[in-house]
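Counting along the sequence shown from 1, when you hit position 155 you're at 222 in my numbering, and nothing is skipped either side. Idealized CB from N, CA, C, for every residue including glycine. A quick write-up on the structure given underneath.
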Amino acid sequence: MFFHEILKKIDLEDKKEPIILFMVFFLPGFLSQSQVVDGTVFNSAWFNMIYLFTVIPQILLVLYLIEKKPVEKIHLYGITNIKYKDLLYSLLYFAGIMIIVLGTGLISFLISFLGYETGQEMPLWQFNNKGLIPLIFLTCMATGYSEELFFRSYLLSEFHSPGKEKYIIFGTSLIFALGHIYQGVIGFLGTFVIGIFLASIFIKKQNLHRIAIAHGLYNFTVLMISASIV
Numbered sequence: 068m069f070f071h072e073i074l075k076k077i078d079l080e081d082k083k084e085p086i087i088l089f090m091v092f093f094l095p096g097f098l099s100q101s102q103v104v105d106g107t108v109f110n111s112a113w114f115n116m117i118y119l120f121t122v123i124p125q126i127l128l129v130l131y132l133i134e135k136k137p138v139e140k141i142h143l144y145g146i147t148n149i150k151y152k153d154l155l156y157s158l159l160y161f162a163g164i165m166i167i168v169l170g171t172g173l174i175s176f177l178i179s180f181l182g183y184e185t186g187q188e189m190p191l192w193q194f195n196n197k198g199l200i201p202l203i204f205l206t207c208m209a210t211g212y213s214e215e216l217f218f219r220s221y222l223l224s225e226f227h228s229p230g231k232e233k234y235i236i237f238g239t240s241l242i243f244a245l246g247h248i249y250q251g252v253i254g255f256l257g258t259f260v261i262g263i264f265l266a267s268i269f270i271k272k273q274n275l276h277r278i279a280i281a282h283g284l285y286n287f288t289v290l291m292i293s294a295s296i297v
């Protein structure tokens with residue numbers, strides 16, 4: 068009943084464009100999560116270059132489609148000139164993401180300590196090719212902008228409807244989290260909470276840069292931590 072209510076609140080009529088974009092950009096990855104994830108792929112310059120050549124055109128396509136929207140709707144997508152204060156806010160939101168991750172990590176530890184299984188754990192990203200750090204930073208930023216542009220800026224704006232924000236935040240965050248099922252139950256729930264956190268910020272501030280940079284910094288931090296461990 069709860070999910071039925073969510074679907075009723077989110078108007079899916081005339082939403083072919085976001086559905087097609089999701090199917091082209093993200094659905095293949097969502098469906099292939101059962102495959103073994105290679106945690107060492109970021110050590111390859113070729114992988115990072117191919118990734119950038121794939122994701123940057125996707126970003127440009129979404130920006131192109133947004134540019135074609137009615138003028139009165141453009142502001143909803145939060146695409147503005149980046150300012151110094153955006154960088155400061157992104158650090159604040161990055162800290163928020165880290166708190167959520169640490170909290171879910173603690174919950175996972177307590178569950179395991181009590182003898183319960185939490186499902187498949189997130190693969191350990193093993194990055195040790197430190198000569199690629201500048202390229203890795205670009206990859207992480209591209210990921211942050213790609214995912215935040217689509218799941219927050221684009222989807223939240225496409226389904227924008229006054230009074231239904233909480234349902235739209237829930238729905239888009241759930242879709243975002245479904246792409247992280249390979250991380251296990253705790254990873255899925257943590258990603259869901261992060262999605263709600265970033266979506267709530269975007270709804271209030273309508274600024275893509277702040278959440279995209281925060282997202283990219285989190286990805287980069289995870290890889291740098293793995294480099295210090297490996």
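Comparing alpha-carbon positions, which option in the options lies nearest residue i?
{"i": "Phe-264", "options": "Asn-286, Phe-93 and Leu-241", "result": "Leu-241"}
{"i": "Ala-294", "options": "Phe-114, His-282 and Thr-107", "result": "Thr-107"}
{"i": "Met-116", "options": "Leu-205, Ser-99 and Ser-228", "result": "Leu-205"}
{"i": "Ile-261", "options": "Phe-237, Ile-133 and Asn-196", "result": "Phe-237"}
{"i": "Ser-99", "options": "Ile-292, Phe-109, Ile-248 and Ala-162", "result": "Ile-248"}
{"i": "Ile-235", "options": "Phe-259, Ala-266 and Gly-211", "result": "Ala-266"}
Give the DSSP-derived three-state secondary structure of residue i in the structure shown.
{"i": "Asn-115", "result": "helix"}
{"i": "His-247", "result": "coil"}
{"i": "Phe-204", "result": "helix"}
{"i": "Ser-240", "result": "helix"}
{"i": "Phe-226", "result": "coil"}
{"i": "Gln-102", "result": "coil"}
{"i": "Pro-137", "result": "coil"}
{"i": "Lys-231", "result": "coil"}
Going by beta carbon distance, what residues of the same chain come within less than 7 angstroms of residue i, once the five residues before and after it are set aside?
{"i": "Leu-222", "result": "Pro-85 and Thr-239"}
{"i": "Phe-97", "result": "Leu-245 and Gly-246"}
{"i": "Gln-193", "result": "Gly-106, Thr-107, Ser-293 and Val-297"}
Taking only the alpha-carbon atoms, compute the straight-line gap between residue i and residue j and give it to the nearest angstrom.
{"i": "Lys-300", "j": "Ile-174", "result": "Within the shown structure, residues of the chain are numbered from 68 to 297, placing residue 300 beyond reach of any answer."}
{"i": "Leu-74", "j": "Leu-275", "result": "Note that Leu-74 scores 49 on pLDDT, short of 50, meaning its location in the model is unreliable and no value can be drawn from it."}
{"i": "Val-252", "j": "Val-168", "result": "13 angstroms"}
{"i": "Gly-283", "j": "Leu-88", "result": "21 angstroms"}
{"i": "Glu-225", "j": "Met-90", "result": "16 angstroms"}
{"i": "Leu-132", "j": "Gln-125", "result": "11 angstroms"}
{"i": "Lys-272", "j": "Lys-231", "result": "17 angstroms"}
{"i": "Ile-203", "j": "Leu-154", "result": "19 angstroms"}
{"i": "Ile-280", "j": "Gly-170", "result": "21 angstroms"}
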